[in-house]
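Asks: So that we are looking at the same thing, I have put the structure below in structure tokens.
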Amino acid sequence: MQINDKFFYINIRDYLALGNDDKAGEPMLARVLSGFSCPKNQDVANFLKKNAVEFTKKSQSVTYPVFSVESKELLGYFTLALKPLSVRGETVSKTTKRKLLLLSFYRDNRFSQFDTRQTASDAEESHELVQLLRLL
Numbered sequence: 253m254q255i256n257d258k259f260f261y262i263n264i265r266d267y268l269a270l271g272n273d274d275k276a277g278e279p280m281l282a283r284v285l286s287g288f289s290c291p292k293n294q295d296v297a298n299f300l301k302k303n304a305v306e307f308t309k310k311s312q313s314v315t316y317p318v319f320s321v322e323s324k325e326l327l328g329y330f331t332l333a334l335k336p337l338s339v340r341g342e343t344v345s346k347t348t349k350r351k352l353l354l355l356s357f358y359r360d361n362r363f364s365q366f367d368t369r370q371t372a373s374d375a376e377e378s379h380e381l382v383q384l385l386r387l388l
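Residue numbering for the sequence shown follows my numbering, starting at 253 and increasing by one per position.
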């Protein structure tokens with residue numbers, strides 16, 4: 253998917269769906285990701301190279317490599333977690349609680365709430381899930 257005239261991103265699930273095709277599947281994805289580096293934070297590069305594919309296969313997250321339209325160079329990536337995050341109120345400060353409750357880590361980036369729903373589980377207590385949307 254093209255973001256604008258300078259960048260585009262690809263869901264790594266698209267690579268994985270092609271199986272072991274050396275020119276377009278998982279082996280190609282491994283080669284593309286292996287060239288990524290992040291000198292300021294090695295953990296960023298390590299996640300992409302060592303965990304992103306497995307986390308996607310396990311449906312824990314999905315990663316989107318971002319490329320230059322002109323050079324096709326891998327510039328970076330973003331990863332979306334697919335599991336809910338539960339934070340116990342007594343383990344964080346009042347300021348952090350307020351920020352989490354207001355969802356300011358999304359609203360500051362132009363996401364809008366469009367729905368909520370409760371989880372249903374016999375093993376755990378129910379949680380409210382907030383669905384957010386941002387149009388690109």
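All residues carry an ideal CB built from backbone N, CA and C; glycine is no exception.
This one's a predicted model, so the numbers in the text were calculated from it and none came from an experiment.
Taking only runs that begin and end inside the stretch 294-343, name each unbroken alpha helix (DSSP H) of 4 or more residues, in chain order.
Replies: 294-302, 304-309
Asks: Can you give the Cα-Cα distance for Y329 and R369, rounded to whole angstroms?
Replies: What you label residue 329 is simply residue 77 of the sequence shown in a count that begins at 1. What you label residue 369 is simply residue 117 of the sequence shown in a count that begins at 1. One C-alpha to the other measures close to 29 Å.
Asks: When the Cβ atoms of the stretch 255-274 are set against those of the stretch 308-326, are three or more pairs found closer than 8 Å?
Replies: yes
Asks: Pick helix, strand or coil for F363, following the three-state DSSP scheme.
Replies: Reading the sequence shown from its first residue, position 111 is the one you call residue 363. Coil at F363, not helix or strand.
Asks: Exposed or buried, which one is L332 when buried takes at least 16 other CB atoms within 10 Å?
Replies: Counted from its first residue, the sequence shown places residue 332 at position 80. Exposed.
Asks: Taking all protein chains shown into account, do 16 or more other C-beta atoms lie within 10 angstroms of the C-beta of F366, making it buried, or fewer, making it exposed?
Replies: By one-based count along the sequence shown, residue 366 stands at place 114. By the 10 Å Cβ count, F366 comes out exposed.
Asks: If I measure Cβ to Cβ from L300 and keep anything under 6 Å in the same chain, skipping five residues before and after, which residues do I get?
Replies: The sequence position of residue 300 within the sequence shown is 48, counting from 1. The residues are L285, F288, Y329.
Asks: Mark F357 as exposed unless 16 or more other C-beta atoms lie within 10 angstroms of its C-beta, in which case mark it buried.
Replies: Looking up residue 357 in the sequence shown gives position 105. Looking at its Cβ environment, which holds fewer than 16 other Cβ atoms inside 10 Å, F357 is exposed.
Asks: Taking all protein chains shown into account, decide if L384 is buried (16 or more other Cβ within 10 angstroms of its Cβ) or exposed.
Replies: Looking up residue 384 in the sequence shown gives position 132. Exposed, because fewer than 16 other Cβ atoms sit within 10 Å of the Cβ of L384.
Asks: Identify, in the order they occur along the chain, each residue of the same chain with its Cβ nearer than 8 Å to the Cβ of D274, setting aside the five sequence neighbours on each side.
Replies: Looking up residue 274 in the sequence shown gives position 22. Excluding residues within five positions, the ones whose Cβ falls inside 8 Å are M280.
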